[in-house]
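Chemist: Sharing a structure here in structure tokens format.
In the UniProt record's numbering, the protein residues as written are 1 to 327.
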């Protein structure tokens, strides 16, 4: 890994925090390109360092995968590791949910773009294992990016399935929770369905219970379903396809890209998601009790949208209801 990282990049403000480190907004000194810099503390347990090394390996392998946060490289600086990635000015979908649930027309774009990412990720034998709105970022121009491969796993010819429980409880597939049960990339499809549910309702199913109770309910009860006239039949069908309790019957990303719900929204451009950023900024402006010298329109036309990221990579063990406010 190259040294003298501070000669190449300059850190600015904090945009997220996790158990193992801090995420900064930064700038590449030569090109002036805005980047995200995840600074991880390596002065920790050996197993945790191995987790960091594994995440870097996945990021490098997925460097050219569409709709996955682009990885530029890693630098060792004293006992800290700087991981350089794309900066997504819109923040996470979880942040953009703060003003309230998101409409189906936006969800259609989000799941379509995530399925494009998963199509490639899964074809490479990688299971993300922690898909949720907090791990989906939106760029200033509306592009969707899947991030945080801290608990991802690789399937090989020798190990076509995994058995380790990993992820965030409320989004976990039943087969991931059940001890000793093998699972594969279909576990990500379940998590995608829960994420879609979360985006249009505001929260994942069973969020009123603690994590342990929620996991019990996930394995014992029938899969969650959207109810009521507020949601289209196409969306209800899409979520039901993702949340098939039998992994063998659950569709792959390729199949879901051909689903009626995704097809219905196939022509909606990703630029439509800029409206979600606008909505969040209006909400934040109203919520703030302080005088603001930043105009919303100016923020939308710059790269200075100060939306905080929930970037708890490597330890996605808790459901984060609220992220760090940017004001």
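Positions of the beta carbon are idealized from the N, C-alpha and C atoms, including for glycine.
Is it buried or exposed for residue 208, if we count other Cβ within 10 angstroms and need 16 for buried?
Modeler: For this step, residue 208 is matched to residue 208 along the chain shown. Residue 208 should be labelled exposed.
Chemist: Residue 145 and residue 65 look like a contact to me (Cβ under 8 angstroms); what is the Cβ gap, rounded to whole Å?
Modeler: Taking the first residue of the chain shown as 1, we reach residue 145 at position 145. Taking the first residue of the chain shown as 1, we reach residue 65 at position 65. Their Cβ separation, rounded to whole angstroms, is 10 angstroms, which puts residue 145 and residue 65 out of contact at 8 angstroms.
Chemist: I believe residue 92 touches residue 137 by the beta-carbon criterion, under 8 angstroms. Please report the beta-carbon distance rounded to the nearest angstrom.
Modeler: If you number the chain shown from 1, residue 92 lands on position 92. If you number the chain shown from 1, residue 137 lands on position 137. Rounded, the Cβ-Cβ distance is 6 angstroms, consistent with contact.
Chemist: Among 246, 31, 114, 268, which residue has its Cα nearest to the Cα of residue 183?
Modeler: Indexing the chain shown from 1 puts residue 183 at position 183. Cα-wise, what sits closest to residue 183 is 246.
Chemist: What's the C-alpha gap between residue 52 and residue 229?
Modeler: In the chain shown, the residue the question calls residue 52 occupies position 52. In the chain shown, the residue the question calls residue 229 occupies position 229. Their backbone Cα atoms lie some 45 angstroms apart in a straight line.
Chemist: Just curious, the beta strand (DSSP E) that residue 75 is in, first and last residue?
Modeler: For the purposes of this step, residue 75 is taken as residue 75 along the chain shown, with counting starting at 1. Unbroken beta strand (DSSP E) run through residue 75: 71 to 77.
Chemist: Taking only three categories from DSSP, how would you classify residue 31?
Modeler: Here residue 31 corresponds to residue number 31 of the chain shown, with the count starting at 1. Coil.
Chemist: As a quick exercise: from 9, 74, 25, pick the residue whose alpha carbon is nearest that of residue 42.
Modeler: Walking along the chain shown from the start, residue 42 turns up at place 42. Here the closest residue by C-alpha is 74.
Chemist: To the nearest angstrom, report how far apart residue 10 and residue 26 are at their CA atoms.
Modeler: Within the chain shown, numbered from 1, the residue matching residue 10 stands at position 10. Within the chain shown, numbered from 1, the residue matching residue 26 stands at position 26. Computed Cα separation, rounded: 5 angstroms.
Chemist: Around the Cβ of residue 123, are there at least 16 other Cβ atoms within 10 angstroms (buried) or fewer (exposed)?
Modeler: For the purposes of this step, residue 123 is taken as the residue at position 123 of the chain shown. It is exposed - the Cβ of residue 123 has fewer than 16 other Cβ atoms within 10 Å.
Chemist: Return the Cβ separation of residue 115 and residue 256 in integer angstroms, given the expectation that the two are a contact with Cβ distance under 8 angstroms.
Modeler: Position 115 of the chain shown holds residue 115. Position 256 of the chain shown holds residue 256. Their Cβ separation, rounded to whole angstroms, is 5 angstroms, which keeps residue 115 and residue 256 in contact under 8 angstroms.
Chemist: Tell me the DSSP secondary structure of residue 157 in three-state form.
Modeler: Within the chain shown, numbered from 1, the residue matching residue 157 stands at position 157. Residue confidence is low: residue 157 scores 43 on pLDDT, short of 50, so the model does not pin down where it sits. No coordinate-derived value is stated.
Chemist: Just list the residues that DSSP pairs residue 86 with in beta bridges.
Modeler: Residue numbering aside, residue 86 sits at position 86 when the chain shown is read from its first letter. DSSP lists 35 as partners of residue 86.
Chemist: With distances taken from CA atoms, which of 102, 131, 153, 50 is nearest residue 274?
Modeler: As a first step, residue 274 must be located in the chain shown, where it is residue number 274. Selected option, being the one with the closest Cα: 102.
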